[in-house]
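Chains A and B supply the protein sequences, listed in that same order. Numbering follows the numbering used here, with no gaps: position 118 of the first sequence is 118. For the numbering used here, count along the second sequence from 1 and bump the result up by 1000. Every residue gets a Cβ at the ideal spot worked out from N, C-alpha and C, and that includes glycine. Please read the structure below before turning to the comments.
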Amino acid sequence: MNVKEYIASGIIESYVMGLLTETERKEFEAVCVQYPEVAMARSSFEQVLEDQLLADAKQPPAHLKQQVFERVTTTGADSYTENIEEERTPVRSMGAWKWIAAASIILMAASIYWAFDINKKNKELQSKNNELETRLKQSNDRLAASQSGTGSNSPRSDFKMATITEGTNASVSIYWDTLSKDVYLIINNMPKTPSDKQYQLWALLPEEGAAPLDLGMIQLKQERLLYRMKNVQNAKAFAITVEPRGGSKSPTTTPMVSSIPVSL
Amino acid sequence: MSTKNTYEESELVAALRQKDSGAFTYLYDHYSGALYSVIRQIVPDAELVNDVLQESFVNIWRRMDSYDETKGRLFTWMLNIARNAAIDKTRSKAFQQGQKQVPLDGELIQPGVRPGIDDIGLKKLIYKLKEEQRQLIDLSYFQGYTHEQIAQALHIPLGTVKTRIRSALTQLRALLS
């Protein structure tokens, strides 16, 4: 797949603005998982759209706020749960044939689950593989671009990649768009922190003696592949430390620093 | 209940999932104006606009657990909830009884530009597009017609509708940034 063409095709805007069919939406989401550049382009369009719409905000009538709050606090979550329960078919006493039907449904569900599980494992392996392929391709693209001396025509983004690894069990990739200054992070593998600790990302600044700049906390969560961190104007490398939950003003533990300094 | 003045998006999402009303206050204060503007561009009746905004925020509060940050930003998710609610409202029976129903049958009515509503935001931007592109975005985004319905009404092949809408959206994006 040509990622650049895909990004420029209008599919990102269609997705964000809710104009894709269910199938197209699922496909797009799968592509985002495989190609981080697509997810980043999506995120940057979302930001542009959000900024525009916030700039055009018109204040709604003041009484609405109170009405909304009354509805969420009084009839809030409870009535909603009830509604969901109502939609489920209640279990009533059933004749023998119904038990047989029920048993076959359970059997079917079990086999679907089994098939799904195998499929899921297969997909996981595939997506790891794709991710590695993508990264290889991105590195090659960047290499090609730097060798030819020109990038694409009027680029909107120019990603630098840095990797932070420690031993075999910690690996994080950081993508920094040196044009928009956006910073994205992908966790390949990170050990869990104790519940009162969190990982925090820092930028090491090029200026001599400058303190590391906080780029935000990393919420370790499964299946969350791409994090958007705080922007940074200039950085010579990135680092991660373990900090008390909520973060620190400056690093308090020995940082894991990106192996290859980012070069502009 | 503490009301913070600023939130990182991830903090805000976490607090909303915990049903933190301070976070919801922040969410409402910060985003209701933007959603209100968009809803007004879709729903012509001012009273109904208020209903839709209310319903949207109640849904945002209740459905917070279904928000998935890997699929997009919080605002995008909220915007789609509000847009869907607005389009549903214009389709609902109550609305159609009170308003002249406008079937999409080739007779495309071009409503006038309402000051403060259609001359701001995305509506304003789409007027900078070619007429054909403007019409496609208006029908699909603001009126919520499916690509199939548009293809039928305009007698254009479905594939062409899709291509034209995507190209119109990339133009729109260029106007945004």
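- Within chain B, no residue has its beta carbon less than 9 Å from that of Leu125(A); the closest one is some 19 Å off.
- Using a Cβ-Cβ distance cut-off of 8 Å, the segment 123-131 of chain A and the segment 202-218 of chain A are not in contact, since fewer than three pairs of beta carbons, one from each stretch, lie closer than that value.
- Comparing alpha-carbon positions, the option among Glu1011(B), Gln1041(B), Leu1053(B), Arg1040(B) lying closest to Arg1073(B) turns out to be Glu1011(B).
- A Cβ-Cβ contact shorter than 8 Å links Val172(A) with Ile240(A).
- Fully enclosed alpha helix (DSSP H) runs of no fewer than 4 residues occupy 1131-1137, 1147-1154 of the segment 1124-1172 of chain B, in order along the chain.
- About 17 Å separates the beta carbon of Trp202(A) from that of Leu220(A), a gap too long to meet the 8 Å contact definition.
- As the crow flies, the alpha-carbon of Lys160(A) is around 26 Å from that of Ser248(A).
- For Met161(A), the enclosing beta strand (DSSP E) starts and ends at 159-166.
- Cβ atoms of Leu64(A) and Asn1059(B) stay farther apart than 8 Å, at about 15 Å.
- Between Leu54(A) and Val1038(B), the C-beta spacing is not below 8 Å.
- Note on Ile1137(B): 16 or more other CB atoms within 10 angstroms of its CB, so buried under the neighbour-count rule.
- What Ser1066(B) touches in chain A, judged by beta-carbon distance under 9 Å, is nothing: the nearest beta carbon there is about 12 Å away.
- Between the C-alpha atoms of Thr1025(B) and Ile1156(B) there is a straight-line separation of about 46 Å.
- Comparing alpha-carbon positions, the option among Lys230(A), Leu226(A), Thr252(A) lying closest to Tyr35(A) turns out to be Leu226(A).
- Around the beta carbon of Trp176(A), 16 or more other beta carbons sit within 10 angstroms, so the residue counts as buried.
- Taking Met1078(B) as reference, the option from Arg1063(B), Arg1134(B), Thr1006(B), Leu1158(B) with the minimal CA-CA separation is Arg1063(B).
- Val1113(B) is not a Cβ neighbour of Ala1086(B), given a cutoff of 8 Å.
- Within chain B, the residues whose beta carbon sits less than 8 Å from that of Arg42(A) are Gly1072, listed in sequence order.
- Within the segment 208-255 of chain A, no run of alpha helix (DSSP H) reaches 4 residues while sitting entirely inside it.
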